[in-house]
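Quick note, the sequences are listed as chains A and B, same order.
If you read the first sequence in the working numbering, its first letter stands for residue 12, the second for the next number, and so on.
If you read the second sequence in the working numbering, its first letter stands for residue 36, the second for the next number, and so on.
Every residue, glycine too, gets a C-beta built ideally from N, C-alpha and C.
Computed from a predicted model, the values in this text were never measured in an experiment.
Structure first, then comments.
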Amino acid sequence: MAQPAIVAEDLTYRYGDLTAVDHISFQVEEGEIIGMLGPNGAGKTTTVMMLTGQIRPAEGRARVLGMDIVKETKQIQRHIGVTFETTNLYEQLNAVENLQLFARLYGVRADIRDLLEKVGLAGREKERVANYSKGMKQRLMVARAMLHNPRILFLDEPTHGLDPVSSRTIHTLIQEAAERGTAVFLTTHDMMEADKLCHRVAFINQGKIVALDTPAALKLRYGKRALRVEVEAPDGRVTTHEIPLDGSDGIQELAMLAQRGRILTVHSEEATLEDIFIQLTGRGLVG
Amino acid sequence: MIATLIAKDLKLYARNRLYSFLTVFALLAYIGIYFLVPASTNEELSIGLALEVPQEHPLVQYVVRFMEPQLFTSREALLASVEEGEVTAGLVITREVLARLQQGQAVNLPLYVTPGTPSYLQEALADVVAVAINDLVSPGGGRMRLIEETEEVLGPDLMGASLSMRQRLLPMLVMFVLLIEAFGMATLINQEVVTDTVRALLVTPLRTSQFIAGKALLSVGLAITQVLILLVATGQIVTAPLQLLVLILLGGLFMTGVAFLIAAIARDYMGVFTWGLVFVLPMMLPGLTVAFPGMASAWMEWIPSFFLVDGLHRALNFQVSWGELSGNLVSLLGISLLLLALGGTLLRRRFQ
């Protein structure tokens with residue numbers, strides 16, 4: 012059986028008196044996309060920084076690809092790719108020069124043209140990065156993280172503030188990487204993104220993981236199983252009906268409503284990840 | 036990996052128009068300044084004498100024989116010449132002065148000196164005049180004393196070859212090049228921190244020690260190159276090539292340590308500028324002890340950069356032996372290693 016890509020046990024980090032990450036434990040498998048959802052300051056970035064060897068945990072331990080994050084940092088960093096919350100590219104260099112620099116640091120011969128094609132920067136590769144839009148810079152950062160075919164990708168808010176085209180490009184890259192067996196550790200406070208991309212999501216609030224499961228399982232556990240139906244009566248009056256899916260014959264009720272008038276809309280009352288987060292923590296994902 | 040980093044930094048350095056311009060401009064300016072300042076020193080002291088009495092008078096004849104002055108026909112002509120620096124000092128002998136001297140009475144005899152004449156020289160000139168006049172009015176006036184003088188110079192005898200302003204200025208110009216380089220390197224490192232690119236580098240297999248080593252090698256390399264250009268352009272590299280190379284290398288290490296300290300302490304560009312002034316300005320002061328020896332304070336010799344500027348001065352201008360230079364070299368090496376260790380440690384802490 013293949014070893015997990017990441018195993019974290021009681022991982023803790025403190026900034027002075029503030030406990031930013033509070034004894035969190037989780038596991039990520041190869042080829043899995045795990046999303047860490049939480050508002051700003053919840054501890055997402057600090058967790059990434061510990062797992063990528065940028066800071067040392069105050070307590071607990073973690074193994075990345077079977078290696079200790081404190082003792083074998085540099086060995087781990089050969090096999091991981093990281094994007095950061097803020098853009099940190101060499102803006103006076105062009106895209107090719109940026110990628111060549113990091114390819115040399117990883118000691119790999121990368122097909123830079125192909126990579127730039129994939130992130131939609133072909134044709135602009137000779138321009139200085141300073142002239143790029145935010146979306147282009149973010150796509151280049153993702154390309155830089157994937158340059159050496161890492162076994163784990165840590166992506167910190169990779170689509171924050173991006174246009175839909177850039178977001179979609181990055182989503183495709185993430186999914187393709189996971190299909191090739193790369194584990195993806197994604198932090199975001201965009202629940203739509205997490206819902207769409209992640210195999211599992213972890214809700215983190217005030218440094219603690221309050222829930223960790225697949226989006227579907229979370230919705231099942233915490234959401235309301237019901238249908239909301241809008242019906243237009245023959246006299247033109249529109250009424251709304253709720254049909255519970257548990258403990259009743261929903262199909263029969265729906266058929267009765269169809270006999271009474273014209274069904275305009277049918278919506279699942281399934282909870283969103285944001286609803287569940289609020290339910291669990293008493294606060295929203297933004298802010 | 037270190038070579039990759041250096042290549043990247045050189046590319047960034049070249050693409051930063053401000054850095055490139057300042058580096059080239061400063062180097063050309065220093066070379067220009069070197070050639071603009073005087074290459075020789077006037078070692079002669081001349082005295083001017085304006086006579087309002089007949090030149091044939093015996094007392095006047097005596098003064099002329101004793102001082103060998105340049106004679107002026109009027110007081111105004113003498114004063115103008117002194118002010119222009121054509122003569123170092125000047126005296127005016129009036130009828131009243133002559134009469135009082137003949138009667139053995141006290142006289143007030145102003146000595147006019149060129150602006151900028153050092154005080155010790157003013158006093159010496161006044162003493163010469165006083166001796167001459169006293170000798171003249173004393174009973175034995177005009178007779179030479181039977182004293183034979185012998186002179187012994189301790190250290191290099193610069194009689195007839197005293198150091199020109201140009202020679203005194205060169206060590207200070209070398210210091211300027213190195214200090215500007217320290218400023219540039221501190222800015223370059225700070226830029227990596229402010230733009231967060233250092234984090235991107237350090238999550239790769241690159242180690243912090245390799246990052247710091249790359250910056251140090253680039254800094255020392257740039258410093259050596261620029262100083263060598265200055266010394267070659269001024270033609271002074273030939274005076275003591277090996278000693279100068281060793282001094283420049285140590286100077287480069289010294290300034291790299293200073294740059295690391297500034298970069299580790301400063302939070303942003305403004306911080307680099309402020310801390311740069313705090314560190315770099317005092318480091319320039321020892322240059323004054325060489326360029327203007329009579330005007331610099333003794334405490335300036337306690338500033339660490341003194342060992343560098345003094346070493347350069349001695350190697351460039353006195354062609355001293357390795358033994359005579361060893362004190363400077365050992366002190367400079369010790370201070371440089373200390374600064375590099377301290378700056379490197381603080382930088383490492385900052386990155387973590």
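Candidates the options, of which the one nearest residue i by Cα
i	options	result
Met36/B	Leu112/A, Thr56/A, Arg89/A, Met78/A	Leu112/A
Leu375/B	Gly287/B, Val325/B, Gly358/B, Gln387/B	Gly287/B
Leu410/B	Thr291/B, Gln387/B, Pro276/B	Chain B is shown from 36 up to 387; residue 410/B falls before or after that span and cannot be answered.
Gly379/B	Asn51/B, Ile41/B, Phe295/B, Ser116/B	Phe295/B
Gly83/B	Glu111/B, Pro93/B, Tyr65/B	Glu111/B
Asp21/A	Thr276/A, Thr97/A, Leu62/A, Arg179/A	Leu62/A
Arg211/A	Leu284/A, Ser279/A, Asn51/A	Leu284/A
His92/B	Ser340/B, Ala134/B, Gly120/B	Ala134/B
Leu156/B	Ser81/B, Arg50/B, Thr232/B, Arg302/B	Ser81/B
Ser254/B	Leu223/B, Leu282/B, Ser244/B	Leu223/B
Lys82/A	Val119/A, Thr56/A, Arg67/A	Arg67/A
Phe341/B	Ala275/B, Thr274/B, Thr309/B, Val209/B	Val209/B
Ile168/B	Thr129/B, Phe101/B, Glu131/B	Phe101/B
Glu108/A	Leu126/A, Asp125/A, Thr84/A, Lys137/A	Lys137/A
Glu131/B	Gly120/B, Glu121/B, Leu144/B, Thr291/B	Leu144/B
Val122/B	Leu146/B, Val142/B, Ile128/B	Leu146/B
Leu347/B	Gly292/B, Leu285/B, Thr309/B, Gly311/B	Leu285/B
Proximity test, Cβ basis, 7 angstroms: residue i and chain A
i	result
Arg50/B	yes
Met220/B	no
Lys250/B	no
Ala235/B	yes
Pro153/B	no
Asp231/B	yes
Met319/B	no
Pro240/B	yes
Leu257/B	no
Met335/B	no
Thr58/B	no
Chain B within 7 angstroms of residue i, Cβ atoms only
i	result
Lys148/A	no
Arg89/A	yes
Leu151/A	no
Thr97/A	yes
Arg135/A	no
Ala16/A	no
Leu115/A	Checking the displayed sequence, the identity of residue 115/A turns out to be Arg instead of Leu. Closer than 7 angstroms: yes.
Thr63/A	yes
Leu238/A	no
Val221/A	no
Gln217/A	no
For residue i, the residue or residues it bridges with in DSSP
i	result
Phe113/A	Beta-bridge pairing links Phe113/A to no other residue.
Leu47/A	A small fix is needed here, since residue 47/A is Met in this sequence, not Leu. Bridge partners of Met47/A: Thr198/A, Ala213/A.
Arg139/A	Asn105/A
Ser366/B	According to DSSP, which records beta bridges pairwise, Ser366/B is partnered with nothing at all.
Arg25/A	Thr30/A
Arg72/A	Glu20/A
Arg294/A	For Arg294/A, which the question treats as bridged, DSSP gives no partner whatsoever.
Met210/B	In the DSSP output, where bridge partners are listed per residue, Met210/B has none listed.
Ser7/A	With chain A running from 12 to 298 in the structure shown, residue 7/A is simply not present.
Val93/A	Phe165/A
Gly83/B	Gln105/B, Gly125/B
Supposed close pair residue i, residue j - CB separation, criterion 8 angstroms
i	j	result
Thr230/B	Asn99/A	6 angstroms
Thr110/A	Ala121/A	Before going on, a small fix: residue 110/A reads as Leu here, not Thr. Between Ala121/A and Leu110/A the Cβ distance is about 7 angstroms, and since that is below 8 angstroms, they are a contact.
Leu106/B	Leu86/B	7 angstroms
Gly92/A	Met47/A	Not quite, the Cβ-Cβ distance comes to about 17 angstroms (not below 8 angstroms), so this is no contact.
Gly249/B	Leu47/B	Not really, about 12 angstroms apart at Cβ, beyond 8 angstroms.
Ile264/B	Leu62/B	6 angstroms
Ala194/A	Glu43/A	6 angstroms
Within 7 angstroms, strictly: CB atoms of residue i and residue j
i	j	result
Val72/B	Leu204/B	yes
Ala124/B	Val95/B	no
Gly146/A	Asp174/A	yes
Thr239/B	Leu116/A	yes
Ala73/A	Tyr24/A	no
Ala221/B	Val315/B	no
Phe95/A	Asp167/A	yes
Leu343/B	Leu367/B	yes
Glu253/A	Arg273/A	no
Phe196/A	Ile80/A	no
Pro339/B	Ile300/B	no
Leu126/A	Ala106/A	no
Ile220/A	Ile35/A	yes
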